Structure formats: structure tokens, C-alpha cells
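S.K.:
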Amino acid sequence: MRLILLGPPGAGKGTQATRLMQKYNIPQLSTGDMLRAAVAAATEIGLKAKTVMEAGQLVSDEIVVGIIDARIHEPDAKNGFILDGFPRTVAQAEALDHMLARYDLPLDAVIELGVDEKALITRMAKRVADTLAAGGTVRADDNPEAFKTRLDAYRAQTAPVSDYYRRRGQLKTIDGMAPIDEVAREIERVLVPA
Ligand code: AMP
Numbered sequence: 012m013r014l015i016l017l018g019p020p021g022a023g024k025g026t027q028a029t030r031l032m033q034k035y036n037i038p039q040l041s042t043g044d045m046l047r048a049a050v051a052a053a054t055e056i057g058l059k060a061k062t063v064m065e066a067g068q069l070v071s072d073e074i075v076v077g078i079i080d081a082r083i084h085e086p087d088a089k090n091g092f093i094l095d096g097f098p099r100t101v102a103q104a105e106a107l108d109h110m111l112a113r114y115d116l117p118l119d120a121v122i123e124l125g126v127d128e129k130a131l132i133t134r135m136a137k138r139v140a141d142t143l144a145a146g147g148t149v150r151a152d153d154n155p156e157a158f159k160t161r162l163d164a165y166r167a168q169t170a171p172v173s174d175y176y177r178r179r180g181q182l183k184t185i186d187g188m189a190p191i192d193e194v195a196r197e198i199e200r201v202l203v204p205a
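For what it's worth, the working numbering labels the leading residue of the sequence shown as 12, then goes sequentially.
1) Using the beta-carbon count (16 or more within 10 Å), is glycine 43 buried or exposed?
2) For the ligand AMP, I want to know if methionine 64 counts as a neighbour, meaning its beta carbon is within less than 7 Å of at least one of the ligand's heavy atoms.
3) With H, G and I counted as helix, E and B as strand and the rest as coil, what does DSSP make of arginine 99?
4) Counting only runs of 3+ residues fully inside the stretch 68–126, write out the beta strand (DSSP E) ranges in chain order.
5) With valine 50 and methionine 32 assumed to form a contact (beta carbons below 8 Å), what rounded beta-carbon distance in angstroms separates them?
6) Below 6 Å CB to CB, which residues in the same chain sit around alanine 157 once its five sequence neighbours on both sides are set aside?
7) Taking CB distances under 8 Å as the criterion, tell me whether alanine 145 reaches chain C.
8) Can you tell me which of the three DSSP states arginine 166 falls into?
9) Of all the options Ala22, Ile83, Pro204, which has the alpha carbon lying nearest to the alpha carbon of tyrosine 114?
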């Protein structure tokens, strides 16, 4: 099972990816997680990505395409994978198409979690406030300003990715504002049509 989950930051892609990962025994490949790990480990990629990420902007296509190209060949991805947070630009989607064609690994589905941006901003602010009130820590880019920049980046650069897959007849859009279980059921319906 090879899937792409599309949707703006905070849409619940990570939550749904975790469920799918358990169900199909495939890894969730989140470029955001991989980049954060690279930043934490202060690798060459991490050093390049750090400031860009903290500002909520996009890391270069070349870096993320290289990360994914390497990652899909790891043994745990032999049954497939869920791409979360990638592709984020049309150039990345094209590079992914070429890559998957080269390795003969066709996609099974591209699922988009549709959201209401205003509600998303409220939801994100509440999540951060709750986490801080409970004594927890939040990501450096989980502040209202960077979150808005991430939403803007999504609208400008990633929404065209949806169109790219829509034109190819591969895109399935699901209501991402529905309760988590309902979103999960809708995804299942897309993956295993009755
Ligand atoms: P995420 O956890 O998916 O929200 O990603 C966090 C940050 O990592 C983003 O705001 C970008 O700076 C960077 N990032 C993650 N995935 C990509 C990607 N596919 N292309 C460019 N930048 C990315």
C-alpha cells in the first residue's frame, strides 16, 4: 500500500497516518519528522533546514526529494509507505512520479484532508495553550505567526499539488474537520471501496 496524505498543517494527517501505519504495517514517512531529526542531530541537512523551518517556510525540493528517495528503500518500506508532508510542491510531485516510475512502485491513493482554515487556526491555538498549561513543550514553529506562514505556504505551494493529482484522477478528498474516527472510516472507504 503506497499512499500520499495531503492537507494543511494541523489537518490531522499525522493522526491518520499513525492508524494506517498500524493497520497496513507500513511506515509513515514524514519529511517534517525526518527534517526535525536532522536538525536535532545537527547533520549537514539539519543545519541547512533549521532557520527555514523555524520561519515556517519550505526547505528546498532537492533536499526533501533526496531524503525520500533514500528512505523508500529502507527494509521497513518494502510493503509500502504513507507519505505525510511530502510532496509539498508541484516540483516535488513531479520528482516523486519519476522516482516511483523508475522503481516501478505505483501509488495506490492520494488522499486529501479538506479543512476550514479559520477553524484550524482556533484548533491549533487551543492545542498549544492546552499543551503549555499541562507543562508540556510545543514545536518551535507551533506559534500563531509561524502557523499562519505555514498555512500560507500550503495555500500557495501545496494546494497546486492537489490539483496536480486531481487532474490525474488520483485525488480523493475527505472532510478533515470530522471527528478522528469518522475521518479514519472515510479513508478506509477510499482504500477499500465496497
Ligand atoms: P511538517 O511537520 O510536515 O509540518 O513540516 C515542518 C516543516 O518542515 C515545514 O514547515 C517545512 O519547513 C519543512 N518541510 C517538511 N516537509 C517538507 C517538504 N516536503 N518540502 C519542503 N519543506 C518541508
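C-beta: ideal position from N, C-alpha, C; glycine also.
It should be emphasised that the depicted structure is a prediction, and the values quoted were computed from it without experimental measurement.
M.R.: The answer reads as follows:
1) Taking the sequence shown and counting its residues from 1, one reaches residue 43 at position 32. Only buried fits glycine 43, as 16 or more other CB atoms lie within 10 angstroms of its CB.
2) Against the sequence shown, residue 64 aligns to sequence position 53. Because some heavy atom of the ligand AMP lies under 7 Å away, the Cβ of methionine 64 counts as near it: yes.
3) Looking up residue 99 in the sequence shown gives position 88. In this structure, arginine 99 counts as coil in the three-state DSSP scheme.
4) List check, beta strand (DSSP E) in window: 92–95, 120–125.
5) One-based indexing of the sequence shown puts residue 50 at position 39. One-based indexing of the sequence shown puts residue 32 at position 21. In this structure, valine 50 and methionine 32 do not form a Cβ contact; the two beta carbons are roughly 23 Å apart against a cut-off of 8 Å.
6) Position 146 of the sequence shown, counted from the first residue, corresponds to residue 157. Here alanine 157 has Gly67 as same chain residues with Cβ atoms under 6 Å from its own Cβ, once five neighbours each way along the sequence are excluded.
7) Given the protein chain composition of this structure (a single chain), no chain C is represented.
8) Start at 1 with the first residue of the sequence shown, and residue 166 comes out as number 155. In the three-state reduction of the DSSP assignment, arginine 166 falls in the helix class, which pools H, G and I.
9) Here the question's residue 114 lines up with position 103 in the sequence shown. Looking at the Cα atoms, Ile83 is the closest of the given residues.
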